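Note sheet for the following structure.
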Amino acid sequence: MRFLLCLFLVDFVVSDGVRNDPECGLRRTYGRDVRDGNFPEYPFIASILEFKPRKLDAEFMCAAALVSKRHLITAAHCFDDRPMNPRYYSVMTESQTTRAGLEFDIERIDKFPLYREGSAYDDIALLTLKHEAHNNTIPVCLPTAGESYDQRLAYVLEYTPIYNGHMKVSMSRQIIAKRSDCEEVYQNTVSSKLLRGVSMEHLCTDKRSRQSHCIAYDGSPVVVNDKNNRLVLAGVATFRENCTSQEFPGFFTKITPYLGWLERMMKP
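Numbering-wise (this note's numbering), the sequence shown opens with residue 1402 and increments by one.
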């Protein structure tokens, strides 16, 4: 029994030392498929809300992905030209046991140190909650170092408006493109965000498979299934050169190059 337990724990530690939640990436709970009833299929996706002066209600700002009970990953550019004080923001997670989402206060906002505003390089940020997310919210799994995603089926999750400022989660199935294909699309594009071209830290989805809604895209997670059919966070959305054109694929910051930084930041 002890041997089996050791195998289970090893399977959920990525090679850079970040320990995954034992339940990470699950889409079933209490013997039920979370697609039934009011259970969200993707309980790790969350919305970042911004409080603005003279407005009663917080406004949706970006999407994020819960990767532990206290940590979420999003795009650093979500905080461009915005204060870094956590008191101006909160996080609303999806809930497995309630109809309404659950709101949590943020303790820290950490952008990757090399990120520069207006750039698509190193566009990743880590949010730390004041308290653990509860009510059976399930994090997504972090990937293992060096994992390849070329030509794999992925799921891009976005928030889309439904009525009176309310949002719902929409999912589209997309194929992750080879880096060479991504470079080919962007090689003739002059973009201030990609002055050094497409790099190893980027992921693109195949433009032919794109079904995105082009709404509330920033920070949206792209996830893949691992060998155990758990969902793994492959990247977070950074930008689209032309959201209305099918010529440009979705563009994401890949998680694997930042596992070492995430490990250091997520330590208690």
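We put the beta carbon where it would ideally sit given N, CA and C, even for glycine. Here the structure is a predicted model, which means the values were calculated and not measured.
| message | So for Lys1655, helix, strand or coil by DSSP? | response | Locating residue 1655 in the sequence shown gives position 254, where the first residue counts as 1. The answer is strand: DSSP assigns Lys1655 an E or B state.
| message | Spatial neighbours of Met1666 within its chain, please: C-beta separation below 6 Å, excluding the five flanking residues on both sides. | response | In the sequence shown, residue 1666 corresponds to position 265, counting from 1. Non-local beta-carbon contacts of Met1666 in its own chain, meaning distances under 6 Å to residues more than five positions away in sequence, involve Asp1511 and Leu1527 in chain order.
| query | Any idea which residues DSSP pairs Cys1479 with across the strands? | reply | Locating residue 1479 in the sequence shown gives position 78, counting from the first residue. Answer is none; Cys1479 lacks a bridge partner.
| What three-state label does DSSP hand Asp1582 in the structure shown? | If you number the sequence shown from 1, residue 1582 lands on position 181. It is helical.
| field | Residues sharing a beta bridge with Ala1534, DSSP | value | Here residue 1534 refers to the residue found at position 133 of the sequence shown. Beta-bridge pairing links Ala1534 to no other residue.
| request: Report yes or no: do the stretch 1452-1460 and the stretch 1615-1629 share at least 3 C-beta pairs separated by less than 8 Å? | output: no
| query | Quick one, which of Ser1581, Thr1606 and Ala1546 has its alpha-carbon nearest Gly1598's? | reply | In the sequence shown, the residue the question calls residue 1598 occupies position 197. Checking every option, the nearest Cα to that of Gly1598 belongs to Ser1581.
| message | Quick check on DSSP: helix, strand or coil for Glu1518? | response | Taking the first residue of the sequence shown as 1, we reach residue 1518 at position 117. In the structure shown, Glu1518 sits in coil (DSSP, three-state: anything other than H, G, I, E or B).
| message | Taking the beta strand (DSSP E) that Gly1598 belongs to, which residues open and close that run? | response | Locating residue 1598 in the sequence shown gives position 197, where the first residue counts as 1. Looking at the DSSP string, Gly1598 is not in any beta strand (DSSP E), and its letter there is neither H nor E.
| message | Based on DSSP bridge pairs, tell me the residues matched to Ala1464. | response | Counting from one through the sequence shown, the residue named residue 1464 turns up at place 63. DSSP lists Ser1448 as partners of Ala1464.
| task | Taking only the alpha-carbon atoms, compute the straight-line gap between Glu1602 and Tyr1659 and give it to the nearest angstrom. | result | Taking the sequence shown and counting its residues from 1, one reaches residue 1602 at position 201. Taking the sequence shown and counting its residues from 1, one reaches residue 1659 at position 258. Rounded to whole angstroms, Glu1602 to Tyr1659 spans 9 Å at the Cα level.
| Contact check, Ser1620 vs Ala1476 under 8 Å by CB: the rounded distance? | To locate residue 1620, count along the sequence shown from 1; it is residue 219. To locate residue 1476, count along the sequence shown from 1; it is residue 75. According to the sequence as given, residue 1620 is Gly; it is not Ser. The Cβ separation is near 4 Å, so the contact holds.
| Rounded to a whole number of angstroms, what is the C-alpha to C-alpha distance between His1478 and Lys1628? | Here residue 1478 corresponds to residue number 77 of the sequence shown, with the count starting at 1. Here residue 1628 corresponds to residue number 227 of the sequence shown, with the count starting at 1. Their Cα atoms are separated by approximately 32 Å.
| Quick one: Cα of Ile1577 to Cα of Pro1650, how far? | For the purposes of this step, residue 1577 is taken as the residue at position 176 of the sequence shown. For the purposes of this step, residue 1650 is taken as the residue at position 249 of the sequence shown. Each residue's alpha carbon lies about 10 Å from the other.
| For Arg1433, which residues of its own chain have a beta-carbon under 6 Å away from its beta-carbon, when the five flanking residues on both sides are left out? | Locating residue 1433 in the sequence shown gives position 32, where the first residue counts as 1. Low confidence applies here, because Arg1433 scores a pLDDT of 44, under 50, leaving its location unreliable; read the following figure in that light. Nothing meets the Cβ criterion.
| task | Could you please give me the residues that DSSP links to Cys1605 through a beta bridge? | result | Residue mapping note: residue 1605 aligns to position 204 of the sequence shown, counting from 1. Answer is Phe1652, bridged to Cys1605.
| query | Where do the N-terminal and C-terminal ends of the alpha helix (DSSP H) with Glu1664 fall, by residue? | reply | On the sequence shown, position 263 is the one that residue 1664 refers to. Segment Leu1660 to Met1667, the alpha helix (DSSP H) holding Glu1664.
| query | Of the residues Val1625, Asp1523, Phe1452 and Ala1638, which one's Cα is nearest the Cα of Gln1552? | reply | What you label residue 1552 is simply residue 151 of the sequence shown in a count that begins at 1. For Gln1552, the nearest C-alpha among the options comes from Val1625.
| query | Of the choices Asp1607, Arg1517 and Lys1594, whose alpha-carbon is the least far from that of Ser1573? | reply | Start at 1 with the first residue of the sequence shown, and residue 1573 comes out as number 172. The shortest C-alpha separation from Ser1573 is found at Asp1607.
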